[in-house]
Structure formats: C-alpha cells, structure tokens
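**Q** Numbering that gives the first Met the number 0 applies: residue 0 is where the sequence shown begins, and numbers increase by one.
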Amino acid sequence: MLRLTFGIESEQREKRRQDLASLNVSEVNPIAEDNSDVWTMGLVLWQMYTGKPLFPSLTFEQAAVALLKRKIPPELDDELPSELKDILEDCFLENPDIRPNFAMIYDRIRALECTRPL
C-alpha cells in the first residue's frame, strides 16, 4: 500500500521531538533535590517489581510530560505486596518534603520479607 503524506508525518515527528527537547526541566520542576528524586526512585522500584510499562495508555510525549511534571504516579494494583505498596505510595506523595529519604526507603526495603515468585 502506498501512503502519500507529503512530508507531513516527518514534520509532525520532528515538531514533537523539538517540543520535548525544548522542555526545560528546571522550569517544570524548579526544585530538584533528594526528596524529588525519591519520586523517580518509586517509579524505578515499581517497574522493577512489575516489569510493566509505566503508562501504557499514554503516548510517549504525554508520558514524558507527565513524568517531568510529576503529575501521574503509576497505578498501584493489588498484585503488589502491601509493604511495597506502602513504600511506593510514600515515594509518590505530592509534597516532596514529606516523602521518605533514600536511607528510609533502603531500610524499609531491607525489612521486607517478601519475594516475587518466579
């Protein structure tokens, strides 16, 4: 099948790439400290445990903007052990000042007595 896009598709792709490249992280999230990094650590822990994509219903661009603005935590479903779910919920607290620090997360993970079945 022949598709004639007259270059529109590649122009749109380039515009999306430029839009993402123009996002200034310091403007989107002006305070990048340890506690704001905890939010990202929560994403990493969630994805390591579940092995699922973070936001399957969003486009790449929507997910990138959501992550930069820290607007959407992943959905924490019932397959997660309750102790891990509690840790992740604390990582995703909207106010970074009340999120746990990395030492607290480390201690809580070490205390977990659950493993994911193979």
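Cβ atoms here follow ideal geometry from the backbone N, Cα and C, with glycine treated the same way. None of these values were measured; they are calculated from a predicted model.
Would you call the CB atoms of L83 and Y105 closer than 9 Å?
**A** no
**Q** Do L67 and E88 have their CB atoms nearer than 9 Å?
**A** no
**Q** What would DSSP say about T58, mapped onto helix, strand or coil?
**A** coil
**Q** For I108 versus L44, is the C-beta distance shorter than 9 Å?
**A** yes
**Q** Do the CB positions of V37 and P80 come within less than 9 Å of each other?
**A** no
**Q** Would you mind working out which of E78, C90, P95 sits nearest G50, comparing C-alpha positions?
**A** E78
**Q** For P72, which of F59, L92, L111 has the nearest alpha-carbon?
**A** L92
**Q** Whose C-beta lies closer than 8 Å to the C-beta of P55 among residues of the same chain, with five residues either side of it excluded?
**A** none
**Q** Can you tell me where the alpha helix (DSSP H) holding E82 begins and where it ends?
**A** 81 to 90
**Q** Just confirm the distance between the C-beta atoms of I57 and L42, as a whole number of angstroms; I'd bet it's less than 8 Å.
**A** Checking the sequence, you will find Leu at residue 57 rather than Ile. Actually they do not touch by this definition, with Cβ atoms about 14 Å apart.
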